[in-house]
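As structure tokens, the structure follows; a few thoughts come after it.
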Amino acid sequence: MSIVNNLFNHKSNERMRQLIEAIRTRDFSLQYSLDHLRGEERNLAEQINEVVNEFRETTLLQEAKYQYFGTMLDTINAFLIVADEQGKVHWMNRAAVDGLCGFSIHHLHDLQVLDETLPEMMMQLKPGLQKLVQLETKTSEGAAGKKALDAGNQHAGKADFVLSVVNFFNKGFAYRLYTLQNVQPVIQKNETDAQQQLVRVLTHEIMNSLTPIISLADTLCEGVEQDTLEHDDLLMALQAINRRSNGLLQFVENYRKLQRISKPQFEDVRIGDLVADLQHLYPDSIFHYEIENEDQRLQMDRSQIEQVLINLLKNAQEAVENEEIPYVRLTTHLSSNKRDFIISITDNGKGILPEVMERIFVPFFTTKTNGSGIGLSICKQIVTLHGGTITASSKLGDKTTFSVVLPA
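Following the working numbering, the numbering of the sequence shown begins with -9 at its first residue and continues without gaps.
As structure tokens, this is what we get:
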């Protein structure tokens, strides 16, 4: 009997060893035939087969998910790169392989062929921040970068990319997911739209001035030739020409102002000090200042941001002139993710029509009788140069809010 038991134990131990080895090597082809097996031996073989089958199904499911998500990531046009904290690359999607170097890189330093500063920029970039980088790119038929300008490669030219990063952990190890999103098509479309809009505005403004000037000049010429022009008529015509000429001159000067916005000279500015200066400029009782995080410091060109806020406060003041109880409120606060600092100016005026709201940042668009239409456009350019955004929202008959969002 002891011989039978020893034989059974030996077979059981051998099967358990094979099971452990199969799990260790992830080889789930192991299956025991149940023919001629009885009792405990059959029961053990059945359980081992069940365990192996469960491992096999789980592995197949995981592989299917991996392939599914891998396929999805490979269809994304953005360049995706996963690297560890030392810069060693662990994964790239197909767009990154084809569009950057034309091959899989092993370390971020390999990207020096695109830009010598790019690897260091990527490793120093903090989550939540973005960088605009310009890279030499290639079509999928060739490689990219300075190193890959060999004959036969198809050069696709420089393109603008937005670089961002997300940190994550996997199995206790820290990784960084880099995203390079090509924004060149969007930039080109916006530039084209802006150019078309500018041409329409220029044509409209210039024709509005030139048409009456030409008409009056023709009238004067006819009157002089026929000697039928009275002195008063001549004076009125010349005054009209002078007015329209000055209007055209002012329009050209406003256009020059739009083109002369200087590059911001950044300095460390305390929010409390910035708002205190605004309070001195606008101390009227209609203005209310609700300041959070007054000790927050931002990198900005102080005079330029003051210009933006003064323009918004002035517009808000004009918007509430006819209100029974006028009210303008300036608030500041840090965003919930602590990445942005928001300065908002709200008035209780009549609000802005939706069709007007769509065009308020378009150069030379104005609803004011004597407005130039460049104030908000200049504000938007200044805020954009600071890496921020300016937005507007309005509810007719209730209020209007302009928000300046700057990097914290």
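Virtual Cβ for every residue (Gly too), placed ideally from N, Cα, C.
Cβ atoms of residue j and residue i: under 8 Å apart, would you say?
i, j, result
"D337", "V318", "yes"
"V395", "V298", "no"
"E284", "T321", "no"
"A309", "T391", "no"
"A85", "A68", "yes"
"L108", "L119", "no"
"S429", "V352", "Residue 429 is absent from the structure shown; the chain starts at -9 and stops at 398."
"G387", "G341", "yes"
"L167", "V155", "yes"
"D263", "E296", "no"
"M111", "G77", "no"
"E24", "R32", "The amino acid occupying residue 24 in the given sequence is Leu; Glu does not appear at that position. Result yes, Cβ atoms of L24 and R32 sit closer than 8 Å."
"I350", "A382", "yes"
"V42", "F18", "yes"
"E313", "G339", "yes"
Do you know offhand how far residue i's Cα is from residue j's?
i, j, result
"R287", "E257", "10 Å"
"E131", "L50", "For E131, the predicted model reports a pLDDT of 36, less than 50, meaning its position is unreliable and no value from the coordinates is stated."
"T356", "K253", "26 Å"
"H90", "L115", "Per the sequence shown, the amino acid found at residue 90 is Leu instead of His. Each residue's Cα considered, the two are about 19 Å apart."
"A164", "W81", "14 Å"
"L(-3)", "T48", "Confidence at L(-3) is low in this model, with a pLDDT of 43, below 50, so its placement is unreliable and the value that follows should be read with caution. Their backbone Cα atoms lie some 33 Å apart in a straight line."
"Q255", "I372", "11 Å"
"D330", "C369", "18 Å"
"P117", "P316", "42 Å"
"L125", "T374", "22 Å"
"E311", "E282", "28 Å"
"A138", "E75", "The pLDDT assigned to A138 is 37, lower than 50, so where the model puts this residue is not dependable, and the model offers no usable value."
"M62", "N83", "10 Å"
"F158", "L302", "41 Å"
"K136", "M347", "Residue confidence for K136 is low, a pLDDT of 37 falling below 50, so the modelled location carries little weight; the figure read from the coordinates is stated next. Roughly 45 Å between the two C-alpha positions."
"V103", "S326", "39 Å"
"S384", "Q229", "41 Å"
"E53", "D105", "36 Å"
"H99", "Q57", "28 Å"
"R7", "I38", "11 Å"
"H270", "F151", "42 Å"
"A398", "S94", "36 Å"
"V265", "L343", "30 Å"
"Q307", "N160", "54 Å"
"T379", "G92", "35 Å"
"K328", "E36", "58 Å"
"S275", "M226", "46 Å"
Buried or exposed: where does residue i fall if 16 or more other Cβ atoms within 10 Å of its Cβ makes it buried?
i, result
"E345", "exposed"
"K55", "exposed"
"L122", "exposed"
"G365", "buried"
"Q294", "buried"
"G162", "exposed"
"G29", "exposed"
"N305", "buried"
On a CA-only basis, which of the options is nearest residue i? Give me that one, please.
i, options, result
"F45", "G341, E110, R16", "R16"
"L70", "L153, Q120, Q76, E36", "L153"
"T65", "H278, V87, Q76", "V87"
"V79", "H96, L63, V42", "H96"
"E4", "L34, L24, F18", "L34"
"I261", "H278, Q307, Y272, L324", "L324"
"A149", "N172, G29, Q289, Q8", "N172"
"Q289", "I300, V259, K385", "V259"
"I300", "Y272, E313, E106", "Y272"
Since residue i sits in a beta bridge, which residues does DSSP pair it with?
i, result
"Q160", "In the sequence on display, residue 160 carries Asn and not Gln. For N160, which the question treats as bridged, DSSP gives the partners F163."
"N172", "F151"
"L288", "V259"
"S384", "T390"
"F331", "L324, L396"
"F59", "For F59, which the question treats as bridged, DSSP gives no partner whatsoever."
"K78", "H97"
"Y279", "L320"
"L70", "T169"
"K121", "L153"
"T379", "V395"
"D337", "V318, T390"
"E296", "E296 is not bridged to any residue."
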